[in-house]
Every structure is written in structure tokens, then in C-alpha cells.
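Mapping of the sequence shown onto this note's numbering: position 146 corresponds to residue 701, and the numbering continues sequentially without gaps.
Every residue, glycine too, gets a C-beta built ideally from N, C-alpha and C.
Since this is a predicted model, take the numbers as computed values, not measurements.
A short worksheet on the structure shown next.
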Amino acid sequence: MEKKLKIAFIISDEGLPVPAVFGGAIETLVTLLIEENEKAQKFEFIIVCKYYDELKKYGSIEKYRQTHIYYIDEKTESILTKIKLKVYNHIAWKSDGRLSYLNLFYYRAYKIIRRERVDYAIAEGGDYQKFWLISKKMHAFKTIIHIHHELKSNSKLLKIFGKSIAVSDFIMKKWMEGAELGEHKLYVLKNAVDEKRFEYHLSSQEVIGVREKLGFAISDFVVIYCGRIIKEKGVKELIEAFSLLDNTDVKLLILGATGFAVGEKGKYECEVIEKCKADTRIKILGYIDNYKIYQYYQCSDVLVIPSICEEASTLTILEGMYSGIPVIATDSGGLVEYAKDSFSIIVKRDEYLIENIAKAIMKIKGDEKLRNSMKVHALSVAKKYSGRFYFKNFSNLIDRFKEEEL
Numbered sequence: 556m557e558k559k560l561k562i563a564f565i566i567s568d569e570g571l572p573v574p575a576v577f578g579g580a581i582e583t584l585v586t587l588l589i590e591e592n593e594k595a596q597k598f599e600f601i602i603v604c605k606y607y608d609e610l611k612k613y614g615s616i617e618k619y620r621q622t623h624i625y626y627i628d629e630k631t632e633s634i635l636t637k638i639k640l641k642v643y644n645h646i647a648w649k650s651d652g653r654l655s656y657l658n659l660f661y662y663r664a665y666k667i668i669r670r671e672r673v674d675y676a677i678a679e680g681g682d683y684q685k686f687w688l689i690s691k692k693m694h695a696f697k698t699i700i701h702i703h704h705e706l707k708s709n710s711k712l713l714k715i716f717g718k719s720i721a722v723s724d725f726i727m728k729k730w731m732e733g734a735e736l737g738e739h740k741l742y743v744l745k746n747a748v749d750e751k752r753f754e755y756h757l758s759s760q761e762v763i764g765v766r767e768k769l770g771f772a773i774s775d776f777v778v779i780y781c782g783r784i785i786k787e788k789g790v791k792e793l794i795e796a797f798s799l800l801d802n803t804d805v806k807l808l809i810l811g812a813t814g815f816a817v818g819e820k821g822k823y824e825c826e827v828i829e830k831c832k833a834d835t836r837i838k839i840l841g842y843i844d845n846y847k848i849y850q851y852y853q854c855s856d857v858l859v860i861p862s863i864c865e866e867a868s869t870l871t872i873l874e875g876m877y878s879g880i881p882v883i884a885t886d887s888g889g890l891v892e893y894a895k896d897s898f899s900i901i902v903k904r905d906e907y908l909i910e911n912i913a914k915a916i917m918k919i920k921g922d923e924k925l926r927n928s929m930k931v932h933a934l935s936v937a938k939k940y941s942g943r944f945y946f947k948n949f950s951n952l953i954d955r956f957k958e959e960e961l
């Protein structure tokens, strides 16, 4: 029997844990690959991620046969190791840039990868330059950067990573605007969601029940926002657009938090909460567990993604598609690659952004035929972004890596 390839995913030292019990797009995508690999049994996965004390309430969550998860808790690291790193970093500081600094999290990750003898190591977010020691061990052609945000390549990163995977064509083009790529290999792997989370469809009575708990009537037209409550996501702009609507039967539901399920509320989130208090038509719920979120999508009429930044992509639009609701999204980065005209309205991020969002909401509200057509097309397109296809596409990429090395 052919030996399984051993692939390591290194989640950022500022990232969340896997499985994605606290949310996070990167962590959710890695969890999706793990779940699909349990069925396919094609690879042996190694996950390295940060430990959080809040994980204790979940008990034992490492339930996989094809994956081993290493949680790094810097608080439990030996004093000797901390001293060694402190001495090394002092020497690196004195070297005028000839030596790179060592980060405790990535040093531990390096030791795990060396012990596990992995075939490929994939950097999932964070400060990618901290990956240098792992790359030195693996060699650049065995280290892969998975780009989830706008980033331009540079000579330092290209020495560390021999291959790059981007979540959209937009992000790949941005990456290519940097340094001369040379022999660097480029790939695009579109995001996906776990369709099993959206298999259950609420009955009419259940929709009424969810809406009643929110204080919404069955006759209300419900607009939903789901995502982080940070400036780049345009949440304030959405609230201002909503304030332009004087319809009492239009309601706004906001799901999300600054840092997903962990961390304190940020200043921006607190300001958003205050804004919501001024309008009784708005309900803000905070972070909602991934496995409970489907019910809020299904009791809504339209999803708005008002990002004012250049989005690499977003899982939110895929969740909306699987829920069968129309989408209003800004012309943001890689987001437009997912937002097809058949189920989406794209609004410009110009000086009329707020008015544009308000008009789009009212257009969908006022045209039942359009709304129903968008719902059908959303569900149809969603099938291209299932967990099964995501794993298949990922697996095909790994096969290409192996072929190119022969």
C-alpha cells in the first residue's frame, strides 16, 4: 500500500484553534479538509495551532483518525527553551539583519514538523516571514503559502515559499505584483463551506419561531449581515444605509463580533452596538456558532456584504448561497468572483455607497419575482462550493505538486 503523504497546516500564532469551534475562516476551511479527509483517507494531516484556555469547556475535541492536532501553549513552554530563544534573538538583533528572529510558536512548529517528517508544510495566515525556520528544514519547494488576504510577494517571502495558493484570482494577481516570481509556482483554490451545516431546512413554523425570538414578524423583510464587526467590513455603512429606509417592516439582523468567539469587544464593535440601540428595527446578536447559524440565514430575505476593503474572498457569501437567499455585495476584490449576477447585486464603493446599498435592498424587497429567481440560482451555484469539491480540488493540487517534482 502506497504511503500517505503527510501534510502539515500551520495556523498563525495569532489564529484560532482547529477544529473551528471558535469560528475563523481559515480555521473553518482547514476543518473542512480534515472532515473530508476522514472519509477519503488519502492524506495524513498534521495541524499546529495556538492553544486557548477556553478549549477546556469542549473537553476532548481531537476525534480524528487521519489527523493529529498539536496545540501550542506558550505558557507551558520550558524556561530553558525561552532562555535559548531570548539569547538567539539578542544575537540576531546584533547581526544587522543577517539572522532572522525566532518566534516561540514557529520554533515549536518547526520541531513538530521535523519530528513528523512531513512532505509539505502549508502556512495558513499570520506573519509569513516567521515561517523561515520551517522552510529551511523543508526546503522552499516543500513549503506553501496559502494566501487569504491581499498581499504582494517580496524577495524574502519567495525565498521561504516555493509555491503559493490563493483563495481568488484577485489575490493571486496582487501577489504577482510584487517581486519577480521566477520558478515560484502559482495556484488558485476557491473557498467552500461544509454543506452539511445547511442541509436542514426550517419549516414555516420554525421560521416563525426564530423570528418571534428576534422580535420580528413573519411579514417583515429581514436583511442579514454576518461577519466580523470591524471597520473594513463596512458594518457602520450598512447601518447608515438601513437608516435611510423608513419602512417599519424592514428589519436588520447583525451577527458577529470583533474576534469571533474569543477576545474582548473592540472599540468599533462597541460603536456599532451603540448605533444599533438608536433603531429598534435592528437586532445584533454577537458571535453565533457555525452549526447554529443556518437558522438565521433561513429566516432572512437578503444577505448584505458591505465590505469597504479589498476582500480576498468571504465564506459568508457561500453560506448565503447554501441558504438560498439573494446577496447584495460591494465590488470588493475577490468577492465579485463568487457573486454571480444570477443571485447577486453588486454595488460600487464610491461616494454613494450608502445610498447604493439602500437602493439595492429596496429593489429586492419590491420585486418578488426577482427575489424568487435569485434564491433558485443561489442554491444552484452553491453546489460548486461544497466540501467534497473543495477537498477534491485540494487533492488535485497536491497531486500536481508531486508530478512537478518528478
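(1) Rounded to whole angstroms, what's the CA-CA distance from Ile901 to Arg669? Just pull it up for me.
(2) If you measure between the beta carbons of Lys740 and Lys718, is that distance less than 8 Å?
(3) Give the C-beta separation of Leu870 and Thr583 to the nearest angstrom, bearing in mind that I take them to be a contact with Cβ-Cβ under 8 Å.
(4) Quick one, which of Asp844, Phe725, Asp801 has its alpha-carbon nearest Leu810's?
(5) What residue range is occupied by the uninterrupted alpha helix (DSSP H) comprising Ile510?
(6) Taking the alpha carbon of Asp674 as the reference point, which residue from Thr698, Leu654, Leu808 has its own alpha carbon closest?
(7) On the DSSP bridge assignment, give the partners of Val743 in chain order.
(8) Examine the Cβ distances between the segment 590 to 600 and the segment 618 to 626 and report whether three or more of them are shorter than 8 Å.
(9) What would DSSP say about Phe598, mapped onto helix, strand or coil?
(10) One question on the structure: do Leu808 and Leu769 come within less than 8 Å of each other, judged by their Cβ atoms?
(11) Going by DSSP, what residue range makes up the beta strand (DSSP E) through Leu810?
(12) According to DSSP, is Leu635 helix, strand or coil?
(13) Figure out for me which residue from Glu829, Ile863, Val827, Gly737 has the closest Cα to the Cα of Asn709.
(14) Report the option in Leu657, Ile912, Ile566 whose CA atom is closest to the CA atom of Thr636.
(15) Can you give the Cα-Cα distance for Lys806 and Glu958, rounded to whole angstroms?
(16) Among the residues of its own chain, which have a CB less than 8 Å from the CB of Val817, if the five just before and after it don't count?
(17) Give a yes or no on whether the C-beta atoms belonging to Ser887 and Glu865 are separated by under 8 Å.
(18) With a threshold of 16 other CB atoms inside 10 Å of the CB of Trp730, please say whether the residue is buried or exposed.
(19) How many angstroms separate the CA atom of Ser868 from the CA atom of Glu874?
(20) On a CA-only basis, which of Cys831, Ile837, Tyr851, Val777 is nearest Val765? Give me that one, please.
(21) Quick check: Ala812 and Glu824, are their CB atoms within less than 8 Å of each other?
(22) Which class does Glu609 belong to by DSSP, given the choice of helix, strand or coil?
(23) Roughly how many angstroms lie between the CA atoms of Thr885 and Leu793, to the nearest whole one?
(24) What are the start and end residues of the alpha helix (DSSP H) that includes Thr871?
(25) Can you give the beta carbon distance from Gly680 to Ile566, rounded, assuming they're within the 8 Å contact cut?
(26) For the alpha helix (DSSP H) containing Ser899, list its first residue and its last residue.
(27) With DSSP as the reference, identify every bridge partner of Tyr675, one or two as the case may be.
(28) Residues bridged to Leu858 by DSSP?
(29) To the nearest angstrom, how far is it from the Cα of Leu706 to the Cα of Phe686?
Walking through what the data contain:
(1) 47 Å
(2) yes
(3) Approximately 6 Å separates the beta-carbon atoms of Leu870 and Thr583; this is inside 8 Å, confirming the contact.
(4) Asp844
(5) A question about residue 510 goes unanswered here, because the residues of the chain that appear run from 556 up to 961.
(6) Thr698
(7) Ala721
(8) yes
(9) strand
(10) yes
(11) Residues 805 to 810.
(12) helix
(13) Gly737
(14) Leu657
(15) Going from the Cα of Lys806 to the Cα of Glu958 covers about 53 Å.
(16) Leu571, Phe577, Tyr607, Glu609
(17) yes
(18) buried
(19) 12 Å
(20) Tyr851
(21) yes
(22) helix
(23) Cα to Cα, Thr885 sits roughly 11 Å from Leu793.
(24) From DSSP, the alpha helix (DSSP H) with Thr871 extends over 870 to 877.
(25) 7 Å
(26) In the DSSP annotation of this structure, Ser899 is not part of any alpha helix (DSSP H); the continuous beta strand (DSSP E) holding it starts and ends at 899 to 902.
(27) Beta-bridge pairing links Tyr675 to Ile562.
(28) Its beta-bridge partners are Ile779, Val882.
(29) 16 Å
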